[in-house]
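Each residue of the sequence shown is one higher than the one before, counting from 6 in our numbering.
First up is the structure itself, then whatever we jot down about it.
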Amino acid sequence: MSWGTELWDQFDNLEKHTQWGIDILEKYIKFVKERTEIELSYAKQLRNLAKKYQPKKNSKEEEEYRYTACKAFLSTLNEMNDYAGQHEVISENMTSNITVELARYVQELKQERKSYFHDGRKAQQHIEICWKQLESSKRRFERDCKEADRAQQYFEKMDADINVTKADVEKARQQAQVRHQMAEDSKADYSSILQKFNHEQHEYYYTHIPNIFQKIQEMEERRIVRIGESMKTYAEVDRQVIPIIGKCLDEIVKAAESIDQKNDSQLVIEAYKSGFEPPGDIEFEDYTQPMKRTVSDNSLSNFRGEGKPELKFGGKSKGKLWPFIKKNKSPKQQKEPLSHRFNEFMVSKPKIHCFRSLKRGGATPEDFSNLPPEQRRKKLQQKVDELNKEIQKEMDQRDAITKMKDVYLKNPQMGDPASLDHKLTEVSQNIEKLRLEAQKFEAWLAEVEGRLPARSEQARRQSGMFDAQNPATVNSCAQDRESPDGSYTEEQSQEGEGKVLATDFDDEFDEEEPLPAIGTCKALYTFEGQNEGTISVAEGETLYVIEEDKGDGWTRIRRNEDEEGYVPTSYVEVYLDKNAKGAKTYI
Numbered sequence: 006m007s008w009g010t011e012l013w014d015q016f017d018n019l020e021k022h023t024q025w026g027i028d029i030l031e032k033y034i035k036f037v038k039e040r041t042e043i044e045l046s047y048a049k050q051l052r053n054l055a056k057k058y059q060p061k062k063n064s065k066e067e068e069e070y071r072y073t074a075c076k077a078f079l080s081t082l083n084e085m086n087d088y089a090g091q092h093e094v095i096s097e098n099m100t101s102n103i104t105v106e107l108a109r110y111v112q113e114l115k116q117e118r119k120s121y122f123h124d125g126r127k128a129q130q131h132i133e134i135c136w137k138q139l140e141s142s143k144r145r146f147e148r149d150c151k152e153a154d155r156a157q158q159y160f161e162k163m164d165a166d167i168n169v170t171k172a173d174v175e176k177a178r179q180q181a182q183v184r185h186q187m188a189e190d191s192k193a194d195y196s197s198i199l200q201k202f203n204h205e206q207h208e209y210y211y212t213h214i215p216n217i218f219q220k221i222q223e224m225e226e227r228r229i230v231r232i233g234e235s236m237k238t239y240a241e242v243d244r245q246v247i248p249i250i251g252k253c254l255d256e257i258v259k260a261a262e263s264i265d266q267k268n269d270s271q272l273v274i275e276a277y278k279s280g281f282e283p284p285g286d287i288e289f290e291d292y293t294q295p296m297k298r299t300v301s302d303n304s305l306s307n308f309r310g311e312g313k314p315e316l317k318f319g320g321k322s323k324g325k326l327w328p329f330i331k332k333n334k335s336p337k338q339q340k341e342p343l344s345h346r347f348n349e350f351m352v353s354k355p356k357i358h359c360f361r362s363l364k365r366g367g368a369t370p371e372d373f374s375n376l377p378p379e380q381r382r383k384k385l386q387q388k389v390d391e392l393n394k395e396i397q398k399e400m401d402q403r404d405a406i407t408k409m410k411d412v413y414l415k416n417p418q419m420g421d422p423a424s425l426d427h428k429l430t431e432v433s434q435n436i437e438k439l440r441l442e443a444q445k446f447e448a449w450l451a452e453v454e455g456r457l458p459a460r461s462e463q464a465r466r467q468s469g470m471f472d473a474q475n476p477a478t479v480n481s482c483a484q485d486r487e488s489p490d491g492s493y494t495e496e497q498s499q500e501g502e503g504k505v506l507a508t509d510f511d512d513e514f515d516e517e518e519p520l521p522a523i524g525t526c527k528a529l530y531t532f533e534g535q536n537e538g539t540i541s542v543a544e545g546e547t548l549y550v551i552e553e554d555k556g557d558g559w560t561r562i563r564r565n566e567d568e569e570g571y572v573p574t575s576y577v578e579v580y581l582d583k584n585a586k587g588a589k590t591y592i
């Protein structure tokens, strides 16, 4: 069916319809454009979301991503970035393949439509002019015929009147003939114009208008086909990214399947393992005897020197820090029954204190002596690895400078070799500093791992003799460095918490006796004891050792009867008295 034959008289309606078709196309372009903006916004939000939950560098979160579940979550975040990238691809392809192309096509379509309807209006104007000419010639012919008829009637009237002169009659006859000739000429002209109009009208309705309308129809059909193709492209753009999106989702599933709960549990052990043994059993103490109870064999009071004068502490004793610091009791303080204290221990929320968590002035010691042995070993190993990487980096830089210097020596025009000497010396000094630092940390690491002697041979021999005689007591004392639940948290001792029952401190409820001195020590550095249980020392000061380092990096010393506390072992040089009774060494 052709618009030219079927819609020959619907010029105005076709003009409205084709304009409506262009409006539909522009509406579809707007729809696709808004879709691309949504895709871009969605991709941006996805990227921001993934960035928000990415672990921050050099933070605690970064350490948490050692666990497989956290690694899987990190993989999910990375895949979400790729997922967002595919939505950006959708937006880009829709913009280039649909929005831009259709916008260009709409401009061409408007120009084409404008030219077709211009030709149609031009044909309409031409046929209207022809019609006006026909009407004009027709009216002229009609007028001339009427004038000729009136002239003929006047002549006949003059010819019949006997009173009219012959000249007047002749004049009337000539006038009638002129009018008749004019009517004939108008008739001929009207006939010619009519034939011409009929021809033009036939051409208009059967040739010009059908051709124009046919072109308009073809233009409209191309528009319909083009919008259909754009819709297919719209779907294909989405379909093209489906495999990649599916791959992203597969990677997320793969990451989820890689989660290993056993491995994560092992990482928890490695992260928090202290290396100490749990505390031993609490021994039964018989209070039915009228005499003063005897101290358990494995109590720390066995290590007190017999026959030594008892030293009474003054009122400067600090609150109890379980299990390292003994609570000084006033002579007027009455002892509470063991059962009462045990009940309080069982019903109260345990707040276990440990001296291990104390920090010097709020800062972590350089040798990490505030950490449990296992954690300290890991920190030292990590520090050694970092230093080795820095050493290797400096060595690579030194090699590069050396090669450049050789090039300058061979080709002086490229540069002055002497200009590199300062840089080479600086790098060599840095390497030496890093090596000394690495050796220091390796020595601490070896001390923790037991590869190097941490103390003098005299102390080691003395410790070996003591360990052979009292193996159970050594183990018990080492165990007491850890709280019952294995934690190493520090809290201020409270009134109720001072009654916590410890394994090897069964004499806690009796009057405290000062520990005997087992040697002396000299402070190598100044230490500000700002935490509870510590004591401040000045460089070069000599003090008494009353309890040696038990593997946690702290040594208990005494300045006088009123002042005693713990200092880092690395801050003092210990001289043990080999003959002191109760001397003990822990390697």
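Every residue, glycine too, gets a C-beta built ideally from N, C-alpha and C.
These numbers come from a predicted model, not from an experiment.
In terms of CA proximity to V542, T574 leads the group T574, L520, Y239.
The C-beta separation of T10 from T100 comes to about 42 Å, leaving the pair out of contact by the 8 Å criterion. The three-state secondary structure of P378, taken from DSSP, is helix. If the five residues before and after Q271 are omitted, its C-beta is found closer than 8 Å to no C-beta atom of its own chain.
Contact holds between the region 396-408 and the region 427-437, because three or more Cβ pairs, one in each stretch, are under 8 Å apart. When DSSP states are grouped into helix, strand and coil, G455 belongs to the coil group.
In this structure, Q219 lies away from W13, with their beta-carbon atoms at least 8 Å apart.
In chain order, L272 place their CB closer than 7 Å to the CB of R71, counting only its own chain and leaving out the 5 sequence neighbours on each side.
Put simply, the backbone Cα of I34 is about 34 Å away from that of D255. Between G90 and R228, the gap from beta carbon to beta carbon reaches 8 Å or more. Counting every other CB atom within 10 Å of its CB across the protein chains shown gives L392 a total of 16 or more, marking it as buried.
DSSP places Y277 inside the alpha helix (DSSP H), whose first and last residues are 266-277. Spatial neighbours of D149 in its own chain (CB-CB distance under 6 Å, excluding positions within 5 residues in sequence) are listed in chain order as M187, A188, S191. Bounds of the alpha helix (DSSP H) holding V258 are 214-262. For A177, the uninterrupted alpha helix (DSSP H) segment begins and ends at 171-208.
One Cα belongs to D401, the other to K438, and the distance between them is close to 16 Å.
Residue pairing by DSSP puts Y580 in a beta bridge opposite T525.
Within its own chain, the residues whose Cβ lies closer than 7 Å to the Cβ of G420, once the five positions on either side in sequence are excluded, are Y413, listed in chain order. E442 is the residue among M6, V572, E442 whose C-alpha sits nearest the C-alpha of K388.
In the assembly as shown, T547 is an exposed residue. Its beta-carbon has fewer than 16 other beta-carbons within 10 Å. In this chain, the beta strand (DSSP E) harbouring V572 covers 569-573. Spatial neighbours of I198 in its own chain (CB-CB distance under 7 Å, excluding positions within 5 residues in sequence) are listed in chain order as Q138, L139, S142. Per DSSP, reduced to three states, the secondary structure at L548 is strand. The beta carbon of K252 lies closer than 8 Å to none in the same chain, with the five residues before and after it left out.
Excluding residues up to 5 positions away in sequence, A48 lie with their Cβ nearer than 6 Å to the Cβ of E93 in the same chain.
Straight through space, the alpha carbons of S279 and Q380 are spaced by roughly 6 Å. Approximately 6 Å separates the beta-carbon atoms of G570 and G534; this is inside 8 Å, confirming the contact. Scanning its chain for C-beta atoms nearer than 6 Å, with the 5 sequence neighbours on each side dropped, one finds around E117 the residues M224, in chain order. Taken through DSSP and simplified to helix, strand or coil, F281 comes out as coil.
Annotation: T293 is outside any beta strand (DSSP E) and is labelled neither H nor E by DSSP. In the DSSP assignment, the residues bridged to I562 are V550, G570.
The beta carbon of E44 is closer than 8 Å to those of H92, E93, I95, S96, M99 in its chain, skipping five residues each way along the sequence. Counting along the chain, no alpha helix (DSSP H) covers D14, and no H or E run does either.
Looking at the DSSP output, T81 bridges to nothing. Following the DSSP letters along the chain, one finds M163 inside the alpha helix (DSSP H) bounded by residues 105-165. Excluding residues up to 5 positions away in sequence, T547, E578 lie with their Cβ nearer than 6 Å to the Cβ of K527 in the same chain.
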